[in-house]
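**Q**
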Amino acid sequence: MSLSRAILAGAGIAAGVTALIVVIGVMGGLQQGYIDSILEISSFHLRVELPDDFDITELARFRAIPGISSAVAFKETHVLALGPSGQTISVNLRAFQDGADRYDPSLVRALGLSETSAMPQAGYLLLGKEAASSLGIDPGLSVELFGMTQSENEGIQPVKGSIIMGSTFSSGYYEFDASMGFINLEKAGSLGPIFSTTPLVVGIKLRDRYADYQAIEEIREVLADGSGKIVSWRDYNRSFFGALRTEKSMMMLLVSLIFVVVGINIFHALRRVIASKTSDIALLKACGASDRDIRSIFIIEGFAIGTLGALMGTVVGLLLGDNINGILDFVAGMMRFLHSLTQKFGILPTGEDFRLFSPSYFYIDAIPVSITAAEIIFIAATAIASTSLAAFFAARRVSEAKPSEVFRNE
Numbered sequence: 001m002s003l004s005r006a007i008l009a010g011a012g013i014a015a016g017v018t019a020l021i022v023v024i025g026v027m028g029g030l031q032q033g034y035i036d037s038i039l040e041i042s043s044f045h046l047r048v049e050l051p052d053d054f055d056i057t058e059l060a061r062f063r064a065i066p067g068i069s070s071a072v073a074f075k076e077t078h079v080l081a082l083g084p085s086g087q088t089i090s091v092n093l094r095a096f097q098d099g100a101d102r103y104d105p106s107l108v109r110a111l112g113l114s115e116t117s118a119m120p121q122a123g124y125l126l127l128g129k130e131a132a133s134s135l136g137i138d139p140g141l142s143v144e145l146f147g148m149t150q151s152e153n154e155g156i157q158p159v160k161g162s163i164i165m166g167s168t169f170s171s172g173y174y175e176f177d178a179s180m181g182f183i184n185l186e187k188a189g190s191l192g193p194i195f196s197t198t199p200l201v202v203g204i205k206l207r208d209r210y211a212d213y214q215a216i217e218e219i220r221e222v223l224a225d226g227s228g229k230i231v232s233w234r235d236y237n238r239s240f241f242g243a244l245r246t247e248k249s250m251m252m253l254l255v256s257l258i259f260v261v262v263g264i265n266i267f268h269a270l271r272r273v274i275a276s277k278t279s280d281i282a283l284l285k286a287c288g289a290s291d292r293d294i295r296s297i298f299i300i301e302g303f304a305i306g307t308l309g310a311l312m313g314t315v316v317g318l319l320l321g322d323n324i325n326g327i328l329d330f331v332a333g334m335m336r337f338l339h340s341l342t343q344k345f346g347i348l349p350t351g352e353d354f355r356l357f358s359p360s361y362f363y364i365d366a367i368p369v370s371i372t373a374a375e376i377i378f379i380a381a382t383a384i385a386s387t388s389l390a391a392f393f394a395a396r397r398v399s400e401a402k403p404s405e406v407f408r409n410e
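Going by the working numbering, the sequence shown opens with residue 1, and the numbers climb by one from there.
1. Curious, which full-length alpha helix (DSSP H) runs of at least 4 residues does the segment 159-201 contain?
2. May I have the straight-line CA-CA distance separating Met165 from Pro139, to the nearest angstrom?
3. Using a 10 Å radius around the Cβ and a threshold of 16 neighbouring Cβ atoms, would you call Ile300 buried or exposed?
4. Specify, as a first and last residue, the run of the alpha helix (DSSP H) that Gly10 falls within.
5. Among Gln32, Ile266, Asn323 and Ala390, which one has its Cα closest to the Cα of Phe240?
6. Taking only the alpha-carbon atoms, compute the straight-line gap between Leu20 and Asn323 and give it to the nearest angstrom.
7. Note down the Cα distance separating Phe74 from Thr307, rounded to an integer number of angstroms.
8. Take Ile163 as the anchor and find which of Met148, Phe169, Ile137 and Leu30 has the nearest alpha-carbon.
9. Could you give the C-beta distance for Leu135 and Gln87, rounded to a whole number, given that I count them as a contact under 8 Å?
10. Measure the alpha-carbon distance for Val316 versus Ala380 and round it to whole angstroms.
11. On a Cα-Cα basis, can you pick out the residue from Ala395, Gly263 and Ser106 that is closest to Val273?
12. Pick helix, strand or coil for Ile305, following the three-state DSSP scheme.
13. Relative to the alpha-carbon of Val17, which residue among Met312, Lys229, Ser70 and Gln343 has its alpha-carbon at the smallest distance?
14. For Asp52, which residues of its own chain have a beta-carbon under 7 Å away from its beta-carbon, when the five flanking residues on both sides are left out?
15. For Thr149, I'd like the list of residues in its chain whose CB is within less than 7 Å of its CB, leaving aside the five on either flank, ordered along the chain.
16. Measure the CB-CB distance between Ala118 and Phe259 and report whether it falls below 8 Å.
17. Would DSSP call Lys205 helix, strand or coil?
18. Relative to the alpha-carbon of Ala304, which residue among Leu111, Tyr173 and Ala391 has its alpha-carbon at the smallest distance?
19. Run through DSSP, which three-state label would Glu130 get?
20. What are the boundary residues of the beta strand (DSSP E) that Gly411 is part of?
21. Assess contact between the segment 56-66 and the segment 166-181, defined as three or more Cβ pairs (one per stretch) separated by less than 8 Å. Is contact present?
22. Ordered along the chain, which non-local residues of its own chain (more than five positions away) have a Cβ less than 6 Å from that of Tyr103?
23. Does the segment 219-232 come close enough to the segment 9-16 that 3 or more CB-CB pairs lie under 8 Å?
24. Cα separation between Ala332 and Ala366?
25. In three-state DSSP terms, what is Leu283?
26. Assign Tyr124 to one of two classes, buried (16 or more other C-beta atoms within 10 Å of its C-beta) or exposed (fewer than that).
27. Mind checking whether Lys205 and Ser106 have CB atoms under 8 Å apart?
28. Rounded C-beta distance between Ala178 and Glu130? I'm assuming under 8 Å.
29. Measure the beta-carbon distance from Gly326 to Gly25 and round it to whole angstroms, keeping in mind my assumption that it falls under 8 Å.
30. Which partner residues does Tyr124 have in the DSSP bridge list?
31. Please name the residue, chosen from Leu185, Met334, Met252 and Glu218, that lies closest to Val48 on a Cα-to-Cα basis.
32. Would you tell me roughly how many angstroms separate the C-alpha atoms of Leu80 and Leu338, rounded to the nearest one?
33. At what residues does the beta strand (DSSP E) containing Leu50 begin and finish?
34. Leaving aside the five residues before and after Ile38 along the sequence, list all residues of the same chain whose C-beta is less than 7 Å from its C-beta, in chain order.
35. If contacts are defined as beta-carbon pairs under 8 Å, then Gly28 and Ile371 qualify, I think. What distance do you get, rounded to the angstrom?
36. Give me the Cα-Cα distance between Arg109 and Ile41, rounded to the nearest whole angstrom.
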């Protein structure tokens with residue numbers, strides 16, 4: 001293969017590796033943010049449903065288990081929230097035990113609160129900032145909450161309560177910020193009946209979330225009477241996490257098609273080279289070289305192209321991924337400059353503020369990037385394999401060169 005063709009083939013491999021690393025890195029960063037928010041705020045690593053007569057002070061035995069970093073009790077239910085101006089939204093209301101901020105400081109950080117914040121405040125509602133915006137409510141104002149309770153004698157009965165909104169939280173996960181609220185379980189006041197029929201749940205976080213099965217066995221030993229239903233984060237979020245995994249796999253498959261295209265180009269290029277070098281191949285065979293020896297020359301060439309392209313693409317992809325926010329900030333700055341010029345000359349109306357990640361359309365301030373070493377190795381190996389296989393199949397044509405026929409025709 002000529003040097004120019006080899007460079008183009010290597011550049012194609014490098015471009016594919018770069019694109020795949022950046023795409024998978026950005027997707028992994030976004031997905032990791034979702035996963036962390038869900039595990040820290042919503043599902044925890046383990047959820048243990050306990051009877052109402054469970055003594056919360058017994059949670060100290062859970063926290064004493066090696067591998068458990070926190071354990072906090074709560075109840076949760078869905079209520080209808082009514083704002084001061086008549087706006088209504090559905091809120092996933094969670095009532096934590098008193099001192100939850102001490103027992104689970106990572107929850108406080110995940111909610112975007114300072115580590116000195118008391119969560120939950122007694123007699124106050126901690127509401128997501130998007131939910132507060134939808135209700136049109138500010139801290140210090142009262143919000144009405146409507147729920148349902150059920151008993152054997154009276155059946156399903158509506159329950160109404162009111163509470164003062166203390167402050168808002170911003171987790172960075174829109175679903176939680178738009179639909180979650182937290183109160184103090186022991187001091188729920190008029191809201192207490194709303195939780196009368198909901199089970200007591202203990203949210204447990206592990207130092208290693210993949211050690212959940214071992215932790216479940218140790219928790220069962222603490223609950224010697226067999227009470228309590230234990231659910232792992234794997235089962236609680238199976239559908240959502242499975243969808244994320246499928247999405248990432250399909251994206252990797254689609255972007256990997258560039259390797260197929262480059263491999264086909266290398267295949268045809270090497271076949272043309274072999275066809276043009278028939279006399280040279282025949283001479284090598286006449287000198288004692290075997291088909292395998294000659295094929296190895298072309299296979300090594302394909303392997304070298306793939307390896308160099310993968311190395312260049314990996315370096316460029318990691319550099320782009322690590323500096324993607326700075327690059328996008330530069331692009332946004334240039335576009336703002338061009339936008340200001342068009343406004344100056346009256347091409348576009350004034351008063352429009354251009355932002356690459358406008359809060360009106362995006363719920364992120366920056367693009368997170370997260371890619372593992374295993375993913376990088378897989379991408380590079382796929383690139384090298386595509387060129388090596390293309391060279392291997394193209395080199396099979398070497399056996400068609402018969403020295404006797406070639407020399408007779410020459």
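In this text, a Cβ means the ideal position worked out from N, Cα and C, and glycines have one as well.
Quick caveat: nothing in here was measured; it's all calculated off a predicted structure.
**A** In brief:
1. 174-179
2. 5 Å
3. exposed
4. Leu3 to Ser37
5. Gln32
6. 16 Å
7. 54 Å
8. Ile137
9. 5 Å
10. 13 Å
11. Ala395
12. helix
13. Met312
14. Leu200
15. Gln157, Val159, Pro193, Ile194, Ser196 and Thr197
16. no
17. strand
18. Ala391
19. helix
20. For residue 411 there is no data in the structure shown, the boundaries of the chain being 1 and 410.
21. no
22. Ser70 and Val72
23. no
24. 12 Å
25. helix
26. buried
27. yes
28. 4 Å
29. With 8 Å as the limit, Gly326 and Gly25 do not qualify as a contact, their Cβ atoms being about 15 Å apart.
30. Ile164
31. Glu218
32. 47 Å
33. Leu46 to Leu50
34. Asn237
35. 5 Å
36. 10 Å
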